[in-house]
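So in the working numbering the end of the sequence shown lands on 880, straight run, no missing numbers.
All residues carry an ideal CB built from backbone N, CA and C; glycine is no exception.
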Amino acid sequence: MRDWHRSGVSDGCAIRPGRLAWLGAVFALVLLPARPAQAENLRWAVTTTFRNSGLAAVLLPAAQADLGFDIDMLVVGSGQAVALGRAGDVDAIMVHSRPLEEAMVADGAASHRREIMYNDFVLIGPEGDPAGIRSAASAVAAMRAIAEARAPFVSRGDDSGTHRRELELWQAAGIPDTARPVRWYKAVGAGMGTALNIASGLEAYVLSDRASWLTFRNKGNLAILFEGDPGLFNQYTFLPVSPAAHPKVHAREALQLEAWLTSGRAQALIDGYKLNGVPLFVFNARPAPEPQ
C-alpha cells in the first residue's frame, strides 16, 4: 500500500470536489506493511472519527487481506466525503450524516446506503460545569443552557457529521448563528482531535463522538457531562458511488467491500474493538435485501 500518511499533511485540510481535489488531496492512511503495487486501488473516503478511533487500523488490513485488493482510504469530514463521492473522485464513502446520505441516494450519486455500526455523541465540558448541563433534561436543553450561560464552546466548524449534528442541536434549541458570537463560540475548522485539544486548553464545552473522546489523551479538566439522549445517536453508513452516475468507479470492488463490512468477520472485529474494556462501536448491519 502506498504510504500517503508520510506526506505530513493533516486530515483537516479543505478539499474541493472534482478531479483536482483528488489529485491535490493528501491521503491519511493507516500505516500498513507494503503490498504489491496495483494499477488502480479502491478509493474510499471515510470520516476523521473513524480513523481517530483506531478502528480503521483494525478493519483496513483485515479487509485488504480477505478481499485481495488495496484500498486507498481518504480521511475527511462527512461533507467533504460526500462531495468527493458526488464528483466520482472516490468509489465509496462511509459517513455519519443521514440527511447528506439520503440526499446523495435521492440524487442518484450513490447506489444506496447501508448502515454498518453506531456509537453516540457526548457533550464534553469542564468538571465545574458552569452551564449546568449535567442536570439538563435533553441534549437540546443542554445546548440551550450553554448558550444562555455564554460558556465557551468549541465547534469543529468543518462540515463534518459531528459539526452537522451540533448545528441540528443548536437549531432545535432555538439558538441561531447570530446568537452564537465569537466571544464564546469558537469554530475551529478542524478535525475532532484538534477540537478536543482546543477545548481542553480553553476549558470549553464541545460535542464529540464517544470513540474520539475515549481515545483522546489530553483530557485536562474536561469530562463527559451529558450523554444518553436519543438525539445523540451516531450511525455510520457505507455508500457506494453509483456507476450510472460515474461509469469509471470501481463498482464491483465497492460492493465487495460493503459485503465484507456487513459480514460476520467484520462484526467480530467491530464489536470486539474496545478501549479499557469499553466497546467503541456496535455493529448493526442488516442482511442485504433479496433481489426483486
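Apart from the 5 residues on each side of it in sequence, P718 sits with its Cβ closer than 7 Å to the Cβ of A737, A739 in its chain, given in chain order.
Between M705 and F869, the CB-CB gap stays under 8 Å. In this structure S641 touches T803 by the C-beta definition: roughly 6 Å separates them, less than 8 Å.
For the pair F741 and L820, the CB atoms are not nearer than the 8 Å cut-off. Judged by beta-carbon spacing, A724 lies within the 8 Å limit of F814, meaning their Cβ atoms are closer than that value. Assignment of beta strand (DSSP E) within the region 700-766, counting only whole runs of 3 or more residues, yields 702-714, 741-743 in chain order. When beta bridges are read from the DSSP output, W632 appears opposite M661, A680.
If you check the CB distance, I659 and A651 come in under 8 Å. Note that the region 690-706 does not touch the region 753-768; fewer than 3 beta-carbon pairs, one per stretch, sit closer than 8 Å. Note on G852: under 16 other CB atoms within 10 angstroms of its CB, so exposed under the neighbour-count rule. S851 sits in coil when the DSSP states are folded into three classes, being neither helix nor strand. By the neighbour-count criterion, in which 16 or more other beta carbons inside 10 Å mark a residue as buried, R874 falls on the exposed side.
Excluding its 5 nearest sequence neighbours in each direction, E689 has C-beta neighbours in its own chain below 7 Å: V683, R701, T825, L827, listed in chain order.
G860 and L849 have their alpha carbons spaced roughly 14 Å apart.
Bounds of the alpha helix (DSSP H) holding A650 are 643-655.
Put simply, the backbone Cα of R631 is about 15 Å away from that of G656. When secondary structure is reduced to three states using DSSP, F869 falls in the coil class, being assigned neither helix nor strand. Between P769 and A730, the alpha-carbon positions lie close to 18 Å from each other.
Where N806 is concerned, there is no enclosing alpha helix (DSSP H), because DSSP gives it neither an H nor an E. Rounded to the nearest angstrom, the gap between the Cα atoms of T635 and L643 is 12 Å.
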